[in-house]
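First comes the structure, then the notes that go with it.
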Amino acid sequence: MKKVVCTILAVLSISAASFARDAESGTSWNFDVNINQLSHYLQLSSGQAGQVADICNHFSDQMNSASFSSPRNRKEKFQKAIYANLKLMKSTLTEEQYRKYVRLLNVTMKNKGVEL
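Count the sequence shown with mature numbering (1 follows the signal peptide of the UniProt record, and there is no 0) and you get residues -20 to -1, 1 to 96, in order.
Listed below in structure tokens is the structure:
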């Protein structure tokens, strides 16, 4: 009987640890941007592609940093990162490219559960 109880406790503790690890991994989101696909979608020139790559890397760093912040500050940090990204993109892209980018970013953020 003692072995059965110990086995059940071991199984429960392992499953609880597994669920805790899954919950922790959910707080760090992957915001990496595929620059090649974005360049193709927006039809970027070679000069724009380099600038957009730098902006996207900076955006990814900001979003990953924000994902580790406290839950009450997370939304504000996400919004600041998004609006900073949009400001930089607006100065780099043409009006039509910017419109496409805003639509794409809006859909992406909704899919990730980030409200704008």
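Using N, Cα and C, we set each Cβ at its ideal position, and we do this for glycine too.
The continuous alpha helix (DSSP H) containing Asp34 extends over residues Ser26 to Ser47. Under the three-state reduction of DSSP output, Thr74 falls in the coil class, being neither helix nor strand.
Contact between the segment 45 to 57 and the segment 23 to 30 is absent, with fewer than three C-beta pairs closer than 8 Å. Between the segment 15 to 24 and the segment 72 to 89, the count of C-beta pairs closer than 8 Å reaches three or more; the two stretches touch. Pairing Ala61 with Gln42 gives a Cβ-Cβ distance under 8 Å. The Cβ atoms of Asn14 and Phe39 do not sit closer than 8 Å to each other. Within the same chain, no Cβ atom closer than 7 Å to the Cβ of Lys90 is found once the five residues on either side in sequence are excluded. Around the Cβ of Tyr63, a 10 Å sphere holds fewer than 16 other Cβ atoms; the residue is exposed. Non-local beta-carbon contacts of Lys57 in its own chain, meaning distances under 6 Å to residues more than five positions away in sequence, involve Ala46 and Ser49 in chain order.
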